[in-house]
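Just below is one structure, and these are the notes that go with it.
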Amino acid sequence: MLHLPQSLHLELHDMPEIIFENAAVSYEDTLILEPVSLSLREQRIGIIGANGGGKSTLIRMINGLGEPSSGRVLVDGLDVSEKGREVRKKVGYVFSDAENQIIMPTVREDIAFSLRRQKMPKEEKNKRVDEMLARFNLSDHADQSPHTLSGGQKQLLALAAVLILEPELIIADEPTTLLDLRNRLLIKEVFGGLEQQLIVVSHDLDFLSDFERVICINDHKIVADGPAQSSINHYVSLMTESIR
1 MLHLPQSLHL
11 ELHDMPEIIF
21 ENAAVSYEDT
31 LILEPVSLSL
41 REQRIGIIGA
51 NGGGKSTLIR
61 MINGLGEPSS
71 GRVLVDGLDV
81 SEKGREVRKK
91 VGYVFSDAEN
101 QIIMPTVRED
111 IAFSLRRQKM
121 PKEEKNKRVD
131 EMLARFNLSD
141 HADQSPHTLS
151 GGQKQLLALA
161 AVLILEPELI
171 IADEPTTLLD
181 LRNRLLIKEV
191 FGGLEQQLIV
201 VSHDLDFLSD
211 FERVICINDH
221 KIVADGPAQS
231 SINHYVSLMT
241 ESIR
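Residue numbers (the UniProt record's numbering): 1 to 244.
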């Protein structure tokens, strides 16, 4: 049985406020994302849309992995372009392919690596690592190579390495893309138990069906923004029309 992580206790009013102020992205003469003005306060927000439409571009601006060509992005009043280091303390990022986040030779060391810059006693670091291993059912794999884990376990490892820093916001880019049904359900269960604010880019519409808010991006602009089912229906209609 999976032990769901006991994260920071955050009420709705404690959720980070993410503000896009006319933020646009272009490269040379190519438009990547049209100007976006948004305020994100909900606990669980989904981002959907066709490949290459601008989804990942949008979320990468939140923690400074990408910068707007014009406009700005604020996280709790901090301009990401100017205060990137402070913002990244608040924001955890889980990549679509967990292999990209595996750094160390063992599962235990990979989780512990996240704490390398934290000023705390070694005993406290070890305790926090052990807690993460237990919560994600990885204790039996602590001393083995992360590359021997299943796809779902690798995704849990990547999430554990992010959660151990207790971020206020977690961004996940296509967290279920490379997983089979069993592991997709496992990741959905884990994400459903998180108390942090969560922003997920996904093509898995069922995964996002109970989110408070879903934003649909198509052709480099936002075309729907609202309750999950409304935005999902809009996206399905767009995709249906595109193949006629």
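C-beta: ideal position from N, C-alpha, C; glycine also.
Could you spell out the range, first to last residue, of the beta strand (DSSP E) harbouring residue i?
i           : result
Ser39       : 30 to 40
residue 325 : In the structure as shown, the chain starts at 1 and stops at 244, and residue 325 therefore has no counterpart that could be examined.
Ala224      : 221 to 226
Gly92       : 91 to 94
Buried or exposed: residue i, going by 16 or more other Cβ atoms within 10 Å of its Cβ?
i      : result
Val236 : exposed
Ala134 : exposed
His147 : exposed
Thr57  : buried
Leu8   : Caution is warranted here: a pLDDT of 44 is assigned to Leu8, below 50, making its placement in the model unreliable, and the coordinate value is therefore given only provisionally. It is exposed - the Cβ of Leu8 has fewer than 16 other Cβ atoms within 10 Å.
Pro227 : exposed
Asp110 : buried
Arg244 : exposed
Leu138 : buried
Ile103 : exposed
Met120 : exposed
Gln101 : buried
Arg44  : buried
Leu12  : Confidence at Leu12 is low in this model, with a pLDDT of 49, below 50, so the placement of that residue is unreliable and no value is reported for it.
Ser114 : buried
Gly54  : buried
Gly46  : buried
Please list the terminal residues of the continuous alpha helix (DSSP H) segment that includes residue i.
i      : result
Ala161 : 151 to 163
Asp110 : 107 to 113
Ile102 : Here Ile102 belongs to no alpha helix (DSSP H), and DSSP marks it neither H nor E.
Ile59  : 55 to 60
Asn63  : First-last for Asn63: undefined, no H or E at that position.
Met132 : 122 to 135
Lys188 : 181 to 192
Pull the bridge partners of residue i from the DSSP assignment, please.
i      : result
Val25  : Leu33
Val75  : Ile18, Leu78
Gly46  : Val200, Val214
Asp173 : Val201
Ser70  : Ala24
Spatial neighbours of residue i within its chain, please: C-beta separation below 8 Å, excluding the five flanking residues on both sides.
i      : result
Ser81  : Gly64, Glu67, Pro68, Arg72, Val73
Asp143 : Thr106, Val107, Arg108
Thr240 : none
Take residue i and list the residues in its own chain whose beta-carbon comes closer than 6 Å to its own, dropping the five residues that flank it on each side.
i      : result
Leu186 : Gly152
Arg128 : Ile164
Arg184 : Thr176
Leu10  : Caution is warranted here: a pLDDT of 46 is assigned to Leu10, below 50, making its placement in the model unreliable, and no coordinate value can be reported.
Ile19  : Ser39, Leu74
Gln6   : Caution is warranted here: a pLDDT of 46 is assigned to Gln6, below 50, making its placement in the model unreliable, and the coordinate value is therefore given only provisionally. Here the set comprises nothing.
Ile170 : Gly92, Gln196, Leu198
Cys216 : Ile48, Gly49, Val223, Ala224, Ser231, His234, Tyr235
Leu4   : With a pLDDT of 47 at Leu4, under the threshold of 50, the modelled position of that residue is not reliable, and no figure is offered here.
Lys122 : none
Tyr27  : none
Glu154 : This sequence places Lys at residue 154; Glu is not what is there. Counting only Cβ-Cβ distances below 6 Å, and skipping sequence neighbours, we find Ala98.
Ordered along the chain, which non-local residues of its own chain (more than five positions away) have a Cβ less than 7 Å from that of residue i?
i     : result
Arg88 : Asn63, Gly64
Met1  : Low confidence applies to Met1: its pLDDT is 46, below 50, so where it sits in the model is not reliable, and the reading given next is rough at best. Result list for Met1: empty, nothing under 7 Å.
Thr30 : none
Pro16 : Val75, Asp76, Lys90, Glu168, Leu169, Gln197
Self-check item: Sufficient close CB pairs (3 or more, under 8 Å) joining the stretch 218 to 237 to the stretch 25 to 34
Solution: Short answer: they touch.
Quiz item: Taking one C-beta from the stretch 202 to 220 and one from the stretch 164 to 183 each time, how about it: are there three or more such pairs within less than 8 Å?
Solution: Because the criterion of three Cβ pairs below 8 Å is met, the stretch 202 to 220 and the stretch 164 to 183 touch.
Quiz item: Counting pairs of beta carbons, one from the stretch 155 to 163 and one from the stretch 95 to 114, are three or more of them closer than 8 Å?
Solution: The answer is yes - the stretch 95 to 114 touches the stretch 155 to 163, with three or more Cβ pairs under 8 Å.
Quiz item: Should the stretch 186 to 195 be regarded as contacting the stretch 211 to 218, the criterion being three or more beta carbon pairs within less than 8 Å?
Solution: With a cut-off of 8 Å, the stretch 211 to 218 and the stretch 186 to 195 do not count as touching, because too few Cβ pairs lie within range.
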